[in-house]
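Have a look at the structure below before the remarks.
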Amino acid sequence: MPLLPELQNPAGPTAAREAVRFGEHRLTYAQLAAAADALAARIADAGRVAVWATPAPETVVAVVAALRAGVPAVPLNPRTGERELAHVVADSAPSVVLAAPGDVLPPALAALTRVDVDPATAGPAGSALTSTFASTFAEPSPESPALIVYTSGTTGPPKGAVLPRRAIAASLDALEDAWQWTGDDVLVHALPLFHVHGLILGILGPLRRGGSVRHLGRFSTEGVARELESGGTMLFGVPTMYHRLAEALARPTASGEPTSSAGPTASAGLAKALAGARLLVSGSAALPVHDHERIVAATGRRVIERYGMTETLMNTGVRADGEPRPGTVGAPLRGVELRLVEEDGSALADPASIGEIQVRGPNLFTGYLNRPDATAAALTADGWFRTGDMATLDPDGYVRIVGRRATDLIKSGGYKIGAGEIENALLDHPGVREAAVTGEPDPDLGERIVAWVVPADPAAPPPAGELADHVAALLSPHKRPRTVRYLDALPRNDLGKIMKRSLHG
1 MPLLPELQNP AGPTAAREAV RFGEHRLTYA QLAAAADALA ARIADAGRVA VWATPAPETV
61 VAVVAALRAG VPAVPLNPRT GERELAHVVA DSAPSVVLAA PGDVLPPALA ALTRVDVDPA
121 TAGPAGSALT STFASTFAEP SPESPALIVY TSGTTGPPKG AVLPRRAIAA SLDALEDAWQ
181 WTGDDVLVHA LPLFHVHGLI LGILGPLRRG GSVRHLGRFS TEGVARELES GGTMLFGVPT
241 MYHRLAEALA RPTASGEPTS SAGPTASAGL AKALAGARLL VSGSAALPVH DHERIVAATG
301 RRVIERYGMT ETLMNTGVRA DGEPRPGTVG APLRGVELRL VEEDGSALAD PASIGEIQVR
361 GPNLFTGYLN RPDATAAALT ADGWFRTGDM ATLDPDGYVR IVGRRATDLI KSGGYKIGAG
421 EIENALLDHP GVREAAVTGE PDPDLGERIV AWVVPADPAA PPPAGELADH VAALLSPHKR
481 PRTVRYLDAL PRNDLGKIMK RSLHG
């Protein structure tokens, strides 16, 4: 099966169906196929292409064109700093950069041949250039590289994860099975298009199914409500987005009462829109239980979570017909093997304890570009990928992620403690707006638990002792924070993940 079967036949039954929408700019399947094939014919001889991945239709055309041409694409984050961007370009060595005509590119891209992407001037489906390319196109091998996506670089310079066509197809088809995803679905999202979540799941996912995607360009609760009310069936987001939705839903009315789906307010309209969606999906980080509960209270609908990584694409997910269980990311997807191991790689001594997640399956990357050493270190001899994520398993196979081994597993007083459950407990306190938990060296405990708190009322933050007692009462005494530090905001990256290494300077 081709990676994007509906674009193989632009005159087929989906030709007139809307494929992508960015505001007022819409492309049908026929228009997208014409634009992408015209561009593919121009870049067919390029070794690799960089894509200036703005949240715009030009990015979609550029990536689809590269996939059609069988040329690996390197999505670039337009907000990347000059030094990191220079590293990515030098490491991936693209010969061409694809960008919208009006995009101003930084000096790090100056040596590359620039090709402007303009969907409006690509020509109609069936033009001579498009027809010639389509007639000679051969679907590349499933193992051939489709995308090179750079990791966040938390432990050194970003590494380029080489994602073969096989991995993309396997993950998207596993999600089709888990989420009952069809061509009738209309996906709404506002995720960045330089990463796995927004680009592969959020753009290539609908295109592989023959469905539609509406990108908001910039996230807003009003935009979510508008698109879901006008035909959207699925919403993809990160916890920061769902937190903002939960805040909007809980905003008091003029009478001082919390809004609900019954009230004649903007929040009531949002609640109705969310309640009408077939699927609300959160990913890229854990969604706090507090936000789960607020959304359920206002809409009657539960958000489901899934778990993936750049190197593995999607590993687990709550099924559309399964039980949405706050704090879990569901069971392994079809074709994915998952196990938990001790720090030395051995089987867990206590099956109910915390272990590192390792996964194996057709969803895995090929390796890190130019880094055979890093690739070898990431994989076991028998092909399991070491994720670095720590978790526990429910009896029915649902995965509960504790966090990253390097930043979220705290060893204090002989206990292995996950930061996530403490963060959820802190968020249950009415005086806490946001919270992060880390460990830092302690001469007595080994590590002490540190809570980083954004107060709901900056002028009257809850006392540290009160927060420690609150956690101890909900969890257990050894999990209470020993230190509380107050912040105006938590540092986050473009996907909304909290950058805990930045907290310690």
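Here the sequence shown is numbered in full-length UniProt numbering, starting from 1 and rising by one per residue.
Cβ coordinates follow ideal geometry from the N, Cα and C atoms, glycine included.
When DSSP assignments are scanned along the segment 51-88, the uninterrupted stretches of alpha helix (DSSP H) that are 4 or more residues long and fall wholly within it turn out to be 57-69. Judged by DSSP secondary structure, Ile401 falls outside any alpha helix (DSSP H) and instead within the beta strand (DSSP E) spanning Val399 to Arg404. Collapsing the DSSP output to three states places Gly345 in coil. C-alpha of Ala225 to C-alpha of Gly283: approximately 20 Å in a straight line. Looking at the backbone, the Cα of Ile148 and that of Ala40 are separated by about 18 Å. In this structure, Val71 lies away from Arg42, with their beta-carbon atoms at least 8 Å apart. For Gln358, the pairing in a beta bridge is given by DSSP as Arg339 and Arg386.
Pairing Asp184 with Trp452, the inter-Cα distance amounts to about 44 Å. Ranked by Cα distance from Asp291, the options Pro239, Ala331 and Tyr307 are led by Pro239. When Cβ pairs closer than 8 Å are counted between the two stretches, the segment 312-322 is seen to touch the segment 171-180, the count reaching three or more. Closest option to Glu6, judged by alpha-carbon separation, among Pro140, Glu84 and Gln31: Gln31. Spatial neighbours of Met1 in its own chain (CB-CB distance under 8 Å, excluding positions within 5 residues in sequence) are listed in chain order as Ala169. In this structure, the CA atom of His87 is about 8 Å from the CA atom of Pro157. Less than 8 Å separates the beta-carbon of Glu356 from that of Glu343. DSSP places Lys159 outside both helix and strand once states are collapsed to three, so it counts as coil. For Ala451, the enclosing beta strand (DSSP E) covers residues Gly446 to Pro455.
With a threshold of 16 other beta carbon atoms within 10 Å, Val281 meets it and is buried. With a minimum length of 4 residues, the unbroken runs of alpha helix (DSSP H) contained wholly in the segment 254-318 fall at 266-276 and 289-299. Setting aside the 5 residues that flank it on each side, Thr299 is surrounded in the same chain by Ala271, Leu274 and Ala275, each with a C-beta closer than 6 Å to its C-beta; the list follows chain order. The C-beta of His197 has 16 or more other C-beta atoms within 10 Å across all chains shown, which makes the residue buried. For Leu7, there is no enclosing alpha helix (DSSP H), as DSSP marks it with neither H nor E.
Taking a C-beta distance under 8 Å as the contact criterion, Val432 and Pro477 do not qualify as a contact pair. In the DSSP secondary-structure assignment, Leu379 is bridged to Phe385.
Ser171: member of the alpha helix (DSSP H) spanning Arg165 to Trp179, first to last residue.
Put simply, the segment 365-379 does not touch the segment 294-308. Fewer than three CB pairs are less than 8 Å apart.
Judged by beta-carbon spacing, Lys479 lies within the 8 Å limit of Ile449, meaning their Cβ atoms are closer than that value.
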